[in-house]
Each structure stands twice: as structure tokens, then as C-alpha cells.
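Every letter in the sequence shown is one number past the one before it in the numbering used here, and letter 6, counting from 1, is 10. For each residue, glycine too, the CB sits at the ideal point set by N, CA and C.
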Amino acid sequence: MSACRRGCGLRKGRVSEVGQVYSITCVTADRESVFACWRSARLLVAQLRAMHESEDVESLAWVVMPDHMHWLFQLRKGDLATVICRMKARSSLAINRRNATCGRLWQKGYYDRAMRREDDLRAAARYIIMNPIRAGLVEKVGDYPLWDAIWL
Numbered sequence: 005m006s007a008c009r010r011g012c013g014l015r016k017g018r019v020s021e022v023g024q025v026y027s028i029t030c031v032t033a034d035r036e037s038v039f040a041c042w043r044s045a046r047l048l049v050a051q052l053r054a055m056h057e058s059e060d061v062e063s064l065a066w067v068v069m070p071d072h073m074h075w076l077f078q079l080r081k082g083d084l085a086t087v088i089c090r091m092k093a094r095s096s097l098a099i100n101r102r103n104a105t106c107g108r109l110w111q112k113g114y115y116d117r118a119m120r121r122e123d124d125l126r127a128a129a130r131y132i133i134m135n136p137i138r139a140g141l142v143e144k145v146g147d148y149p150l151w152d153a154i155w156l
């Protein structure tokens, strides 16, 4: 089994489906505040956008917090584990290169939730982008620079 599959696989019993919308949370290794550094955070944002532009996913909303990220997207091709593994690997490589470091950036695995048809995607996006307010980082969402949503 590849390292990608061991560290990025879906939880046991889960399957991924093209066309499905997923809410994903990925956490940095040891909850290190890697993304408190603006340049490191922007490198992660670049990878999220690259995944969207490659048409692997259609990004609906995301927020990068100091030690984790939330991402709401529709899977366009491939499978969920491969998409998350690719995002983690590419962002790790870019950030390690920039910081002249090596080693693990992300915790193994990730939290995924397949959104049901009756779920309100806008409400899910609002919840995601409100994370910086709930964490006490800012008072207004517009004051936090590391988020995006297609509805805004």
C-alpha cells in the first residue's frame, strides 16, 4: 500500500463518489501553527486553487486557519483520498521548500463529511468561513484574508 493511501485514505467503510459534495478538515502535525505565517498560508491557498483549476474539484468554500483548514468542494474526478493526498503532498512540498525544512506538515488522515442533497451548502460555507470569528482571530469575516466562497 502506498504512503499516500496509508496517510490519506478514507475512514474504514467510506467510499467517495464523483459529483458528491464534501466538507473536509485537515489538521497540521502536532497542531503546529504553520499557517500563522502569511507566506505558508498563501502556498496552501495556491494548492487549493490548483486543485480547482485542474478540475479535480469545484471549490465552494475554504478557510485556512493557523493550524488547520476547512474545505467544501464537489468532487469532479478521481477519488476523495487521492485529491486530499495530492493537496497535502503538494502543499507540504511547497511549504518545506520555502522554509528550507523537511518533514511532515499534516496529521495523517482527515475528517470528511459527505453532504446530503437536503443539506444547505450555503449554510455549510458560512459555517466554514466563520471559523476565524469563532476562534477569536477577528471580529468580522472581512478582516480575515484566508478564505473564499463562491457565493460571496
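Which two residues bound the contiguous beta strand (DSSP E) that contains residue i?
i: GLU62; result: 61-68
i: LEU79; result: 72-79
Can you check whether the CB of residue j is closer than 8 Å to the CB of residue i?
i: TRP2; j: ILE137; result: This structure cannot settle anything about residue 2, because the visible part of the chain is limited to 5 through 156.
i: LEU79; j: GLY23; result: yes
i: ALA128; j: MET119; result: yes
i: ALA88; j: TYR114; result: What sits at residue 88 in the sequence shown is Ile, not Ala. Yes.
i: LEU84; j: SER96; result: no
i: VAL61; j: PHE77; result: yes
i: GLN51; j: ALA104; result: no
i: ARG102; j: ARG43; result: yes
i: VAL38; j: GLN111; result: no
Roughly how many angstroms lie between the CA atoms of residue i and residue j, to the nearest whole one?
i: ARG9; j: THR86; result: Because ARG9 sits at a pLDDT of 45, beneath the cut-off of 50, its placement in the model cannot be relied upon, and the point is left open.
i: ARG126; j: GLY107; result: 36 Å
i: GLY140; j: ALA40; result: 14 Å
i: HIS72; j: MET91; result: 13 Å
i: LEU150; j: ASN135; result: 11 Å
i: GLU21; j: GLU59; result: 15 Å
i: TYR148; j: LEU48; result: 16 Å
i: ARG94; j: ILE154; result: 23 Å
Going by Cα to Cα distance, which pick from the options is closest to residue i?
i: GLU57; options: ARG101, LYS81, GLN111, ALA40; result: LYS81
i: ARG117; options: CYS106, THR105, ILE132; result: ILE132
i: MET69; options: GLU59, GLU36, ALA54; result: GLU36
Would you list the one or two residues that DSSP bridges to residue i?
i: VAL25; result: GLN78
i: LEU49; result: The residue asked about is misnamed: residue 49 is Val in this sequence, not Leu. Answer by DSSP bridge pairing: none, since VAL49 is not bridged.
i: TYR115; result: THR29
i: ALA153; result: ALA65
i: TRP42; result: Bridge partners of TRP42: none, in fact.
List the endpoints of the continuous alpha helix (DSSP H) containing residue i.
i: TYR131; result: 125-133
Does residue i have its Cβ less than 8 Å from a Cβ in chain D?
i: GLU59; result: This model lacks chain D altogether; it includes just one protein chain.
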